[in-house]
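Asker: Before I ask anything, let me first share the structure, which is written out below as structure tokens.
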Amino acid sequence: MTSVRAPLTVYGMSVSGNCHKVRMLLEHLGSRYEWVEVDSANGQTHTPGFLALNPNAKVPLVQRDDGRVLPESNAILFWLAEGTPYLSTDGWERAQTLRWMFFEQYSHEPCVAVARFIRGWTAIDSPRRAELPQLQARAAQALAVMERHLAQADWFSGRHYGIADIALFAYTDVAADGGVTLAPYPAVLAWLRRVRAQPGFVPMPPVSPQVQALLVQPA
């Protein structure tokens, strides 16, 4: 969903889970936005123009029509969701939403996403591949925490689907790319199906053939 007159510009890499979170929420909301593709894997976040927007050299980043910018995927989700059904007005549920969003960035994304990056975006003989067993073990621990929660609840955002679910979905859905199996987590698999059934859901675009060729190599 793009428009040259869109009130919001999103700078992102389409096959990044952190960026896909933002796209998911915008599509759920039916919002108008312009997507600017930024290949962070090939240094495009380190150009002078991009660094002027985000000195931290990372995507996603959103820019309002008044020029103000906001980086960090979960901060963007929180801002976009305010006043919508995707963020509760109940204080306790908002705190639980933040709890799971912090969990995602501290205990989930650093292993699930990094394992995927190493397998798909580094050479087959990269020394970083030695990190994979530890990352995959940490990913299994994070998924076990999610499984325990989902054995008793449908969502991570409270009583209804919301931004904590979006935050955790993006990289969980592609965990296999990092050599992380979801088979031991039936409640997580059922939750993934519930997320995919939400109105306006969009899947992450496919990776390039070059990346896919690396991802299909044995983990």
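Residue numbers for the sequence shown follow my numbering, beginning at 3 and rising by one. Ideal placement from N, C-alpha and C gives every residue a C-beta, glycine not left out. On a predicted model such as this, the values are computed, not experimentally measured, just so you know.
#1: In terms of DSSP beta bridges, what is GLU39 paired with?
#2: Classify PRO112 as helix, strand or coil using the three-state DSSP reduction.
#3: For ALA155, verify whether its CB is less than 7 angstroms away from any heavy atom of the ligand ZN.
#4: Answer with buried or exposed for SER42, where buried requires no fewer than 16 other C-beta atoms within 10 angstroms of its C-beta.
#5: Give a yes or no on contact between the region 46-61 and the region 111-123, applying the rule of three or more CB pairs nearer than 8 angstroms.
#6: According to DSSP, simplified to helix, strand and coil, what is GLN107?
#7: Grab the span of the beta strand (DSSP E) containing ARG34 for me, first residue to last.
#8: Rounded to a whole number of angstroms, what is the C-alpha to C-alpha distance between HIS162 and VAL71?
#9: Taking DSSP's pairing of strands, which residues face ARG150 in a bridge?
Answerer: On the basis of the data shown:
#1: Bridge partners of GLU39: GLY14.
#2: It is helical.
#3: In the structure on display, the ligand ZN does not appear, and there are no ligands present to speak of.
#4: The residue in question, SER42, is buried, as its Cβ has 16 or more Cβ neighbours within 10 Å.
#5: With a cut-off of 8 angstroms, the region 111-123 and the region 46-61 do not count as touching, because too few Cβ pairs lie within range.
#6: In the three-state DSSP reduction, GLN107 falls in the helix class (H, G or I).
#7: Unbroken run through ARG34: none, as it is neither H nor E.
#8: Distance between the alpha carbons of HIS162 and VAL71: 29 angstroms.
#9: Under DSSP, ARG150 forms no beta bridge with any residue.
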